[in-house]
Amino acid sequence: MRLDLSLYLVTDPELCVRHGLVETVVAAVRGGVTIVQLRDKQASDDELIDQARRLKAALAGSGVPLIINDRLAVAVASGADGLHIGQDDGDVAAARAELGEGAILGLSVQNHDQLARLDPDALDYLGLGPVFATSTKRNHATPLGFDGLASLVAASPLPAVAIGGLKAEHARRVRATGAKGPAVVSGICGQPDPEAAARAFFED
Ligand code: TZP
Ligand code: MG
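This is the structure in structure tokens:
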């Protein structure tokens with residue numbers, strides 16, 4: 196599936212409840228989201244597989260890929276389009292070997308050391324952040340700000356999204372760093388109208 200990182204939605208089980216997970220994602224895609232990551236640290240693998248299958252069905256025909264956070268086994272079992280892992284979520288090469296060449300594989304990167312160590316041939320994109328402090332992710336790294344983000348993007352061998360505390364009003368500055376787009380949880384999922392909230396990221 197085509198990789199378009201213009202607006203990357205990351206789901207959250209608490210923030211996406213107002214309209215339900217599937218309806219929130221479908222609305223956000225109507226608003227222009229180009230890629231979706233299913234992220235839930237608490238759910239069991241079986242629960243996540245079920246959610247992923249329902250999301251895949253809802254996204255059918257949209258061209259919008261579904262990425263699974265952290266769990267390789269869930270990505271494989273659910274027929275999702277890819278996997279996103281952090282620095283401590285296992286081996287990139289092993290994930291690529293199991294997922295195959297056609298899958299989308301992303302990695303979170305917080306600093307230049309991590310950037311220097313990664314294997315770009317095994318990956319499709321990077322998630323850089325956090326740009327700002329956020330309560331959505333526990334124990335996140337020191338925020339980069341736009342200057343730190345720009346410095347990482349400039350050194351990145353792969354297309355990148357930026358994440359962490361990003362709202363529609365930041366979209367222009369994110370893209371000005373060379374990042375392909377913002378990755379967003381609360382700025383879309385937690386909003387009364389996720390479709391309008393997503394659309395606003397293109398109107399900045
Ligand atoms: N990784 C770095 S910050 C973050 C993740 C998953 C959470 C971003 O959430 P929000 O609500 O868009 O600040
Ligand atoms: Mg992770």
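Residues 196 to 399 (this note's numbering) are what the sequence shown spells out, left to right. Glycine is no exception: its CB is placed at the ideal position from the N, C-alpha and C atoms.
Less than 8 Å between the CB atoms is what I'm expecting for G360 and A392, so what's the real figure, rounded?
Along the sequence shown, read from residue 1 onward, the residue named residue 360 stands at position 165. Along the sequence shown, read from residue 1 onward, the residue named residue 392 stands at position 197. That belief does not hold up - the Cβ atoms of G360 and A392 are roughly 15 Å apart, past 8 Å.
Host beta strand (DSSP E) of L204 (start-end):
In the sequence shown, the residue the question calls residue 204 occupies position 9. Unbroken beta strand (DSSP E) run through L204: 203–205.
Any heavy atom of the ligand MG nearer than 5 Å to the CB - residues listed:
D265, G281, D284
Note down the Cα distance separating L300 from G258, rounded to an integer number of angstroms.
One-based indexing of the sequence shown puts residue 300 at position 105. One-based indexing of the sequence shown puts residue 258 at position 63. Approximately 17 Å between the Cα atoms of the pair.
Would you call the CB atoms of L200 and T229 closer than 8 Å?
Counting from 1 along the sequence shown, the entry for residue 200 is found at position 5. Counting from 1 along the sequence shown, the entry for residue 229 is found at position 34. By the CB criterion at 8 Å, L200 and T229 fall inside the cutoff.
Can you give me the start and stop residues for the alpha helix (DSSP H) that P389 sits inside?
Taking the first residue of the sequence shown as position 1, residue 389 is located at position 194. Counting along the chain, the alpha helix (DSSP H) containing P389 begins and ends at 389–395.
Sorted by chain position, which residues of the same chain lie with C-beta nearer than 8 Å to Q309's C-beta, five sequence neighbours on each side aside?
Counting from one through the sequence shown, the residue named residue 309 turns up at place 114. Counting only residues of its own chain and dropping the five nearest sequence neighbours on each side, Q309 has a CB closer than 8 Å to the CB of Q282.
Beta carbon of L267 nearer than 8 Å to that of A247:
For the purposes of this step, residue 267 is identified with residue 72 of the sequence shown, where counting begins at 1. For the purposes of this step, residue 247 is identified with residue 52 of the sequence shown, where counting begins at 1. No. Outside cutoff.
For the alpha helix (DSSP H) that V224 lies in, which residues bound it at each end?
Within the sequence shown, the letter at position 29 stands for residue 224. Where V224 is concerned, the enclosing alpha helix (DSSP H) stretches over 216–225.
With a 10 Å radius around its C-beta and 16 neighbouring C-beta atoms as the bar for buried, classify A289 as buried or exposed.
On the sequence shown, position 94 is the one that residue 289 refers to. Answer is exposed; the Cβ neighbour count stays below 16.
Does DSSP classify A355 as helix, strand or coil?
In the sequence shown, counting from the first residue as 1, residue 355 sits at position 160. Three-state DSSP puts A355 in a strand.
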